[in-house]
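Following: one structure in structure tokens, then a few remarks.
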Amino acid sequence: MGFSKKVSSLKESATLQAAAKAKALKDQGVKVLNLSIGEPDFSTPKSIQNAAIKAIDNGASSFYTPATGLPELKQAIIDRTREDYGVTYQMNEVFVGSGAKFVLYALFQTLLNPGDEVIIPTPYWVSYSAQVELADGTPVFVETTQDNHYRVTVEELEQARTLKTQAIILNSPSNPTGSIYTAEELKKIGEWAASNNIYIIADDIYAKLVYNGNVFTSIVSLSDEIKQQTIVVNGVSKTYSMTGWRIGYALCQPEIVSQVSKVMSQSTGNPAAVSQYAAIEALSGSQAIVEEMRQTFETRLNDIFPIVQEIPGVRVEKPQGAFYLYLDIKETLDMCGYDNVTNWVNDLLEEAHVAVVTGEAFGTSHHVRMSYATDMDTLTQAIRQINEFIDSKRI
Ligand code: PMP
Ligand code: GLU
464 MGFSKKVSSL KESATLQAAA KAKALKDQGV KVLNLSIGEP DFSTPKSIQN AAIKAIDNGA
524 SSFYTPATGL PELKQAIIDR TREDYGVTYQ MNEVFVGSGA KFVLYALFQT LLNPGDEVII
584 PTPYWVSYSA QVELADGTPV FVETTQDNHY RVTVEELEQA RTLKTQAIIL NSPSNPTGSI
644 YTAEELKKIG EWAASNNIYI IADDIYAKLV YNGNVFTSIV SLSDEIKQQT IVVNGVSKTY
704 SMTGWRIGYA LCQPEIVSQV SKVMSQSTGN PAAVSQYAAI EALSGSQAIV EEMRQTFETR
764 LNDIFPIVQE IPGVRVEKPQ GAFYLYLDIK ETLDMCGYDN VTNWVNDLLE EAHVAVVTGE
824 AFGTSHHVRM SYATDMDTLT QAIRQINEFI DSKRI
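Quick look at the structure:
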């Protein structure tokens, strides 16, 4: 008995693992303040839930759907994208999957041959590198720093490019840093990718969660040439507080959809029908709920940010979007006598009962990620306990 080499070297998703650890401690009766997982803390809006209930009641959700999603859902995605991005896609340029996470997984399975390289700017969302490796690809990391607002430049990309570069992943607003690329930056990167025939995978999952007058630009809105080169990945999880429903989607060239469709039809079959009906309502119903949730996150960010800045030793830039704070705690670690951030994070959970995610999961060695998709009482109490933890460790 044995296991595949791939799975033996695969790590569990650090975000899910951190959340599971926090939950295990909670189940033992400990009051844990959980700032680990990135998911909105609101219930899915009633109108969306009701659409799902209706689909169950009338039997519509009883059956398999096409592998790449219901035509009505594809139409809703096209309409929403046209309204939000001002860009038009056709029905054969859309596919739906079981969460944006699986959409990305299916894309890497579809696009990569062994040894193909995918450029991933660090810090990056945990699953990108693991998914590239699962598809026998090679992640090529390009470091970004707080001093350059966690945004990669064409010059840096050009240095990382080889003949094997197949794709670049752009995640704006970013998980974990919350930084957003400007239209000018995106245009330069888009033109660079197009001229080198490199796919751009634009993970736009946080596009609607943008704060304090910052602006999201969709890279596909910048030119036809860039649009042709790009695969937009999006989903309903974050925008509509629907993480549990597992619906994500992509917009890209029809040839890619036809190839991905084979992966879908041989794996998930189709995303859960009931969730697809819920997603139709989310995308085509009133969008006022999205703005309400966005405002709540914005208020929390503005209230919590000054307090987070005061945590001893912390350097942090105010995020422009998403719902995470990415703290550089290099000085804090020195203060506390730690040379490893993951040990600090583990002790913070064990001793101070606050769950955050180690920066090592995002490809950096002295950061932690804090999600502010939780209520203000939890957030302020968590920061109090972090400060006490640091005080207790000071050497
Ligand atoms: N991309 C990024 C950057 C994310 O943070 C997430 C959240 N898990 C996803 C993709 C996947 O989202 P989901 O699978 O819930 O649609
Ligand atoms: N995207 C969220 C996070 O980063 C959800 C967990 C996950 O899918 O990794 O926390």
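Numbering of the sequence shown is given in our numbering, commencing with residue 464 and proceeding in unit increments.
Every residue, glycine too, gets a C-beta built ideally from N, C-alpha and C.
Residue i: CB within 7 Å of a non-hydrogen atom of the ligand PMP
i    : result
W807 : no
I668 : yes
T706 : yes
Among the options, the one whose alpha carbon lies nearest that of residue i
i    : options                : result
G776 : F852, S749, L714       : F852
L633 : K627, L626, T607       : T607
N806 : V566, T821, I792       : T821
Q844 : L812, V817, G562       : V817
V696 : K564, F526, A514, W708 : K564
N611 : V779, F786, E814       : V779
K650 : E773, E619, L685, G748 : L685
P636 : P602, Y674, T731       : Y674
G748 : P508, S472, Q480       : P508
Q622 : L790, P584, L812, L536 : P584
Assumed close pair residue i, residue j - CB separation to whole angstroms, cut-off 8 Å
i    : j    : result
H830 : P586 : 7 Å
S499 : S834 : 7 Å
Close Cβ partners of residue i (< 7 Å) along its chain, the five nearest in sequence each way excluded
i    : result
S728 : A530
D766 : M839
N677 : I643, Q783, G784
S524 : A518, A736, V737, Y740
Y552 : I541, T544, L714
V589 : S476, A477, T478, A824, F825
Exposure label - residue i; buried when at least 16 CB within 10 Å
i    : result
R614 : buried
A751 : exposed
L672 : buried
I743 : buried
V470 : exposed
F526 : exposed
F466 : exposed
R857 : exposed
beta-carbon residue i near the ligand GLU non-hydrogen atom, thresh 7 Å
i    : result
E475 : no
E596 : no
V589 : yes
I710 : no
I664 : no
L496 : no
I500 : yes
Own chain partners of residue i with C-beta closer than 8 Å, once the 5 adjacent residues on each side are dropped
i    : result
Y662 : L574, Q629, A630, I631, A656, Q692, T693, I694
R624 : I582, N659, I661
Cβ neighbours of residue i in the same chain (closer than 6 Å, five flanking residues each side left out)
i    : result
T702 : K671, V753
D599 : P577
K882 : Because residue 882 is not part of the residues shown, which for the chain are 464 to 858, the question remains open.
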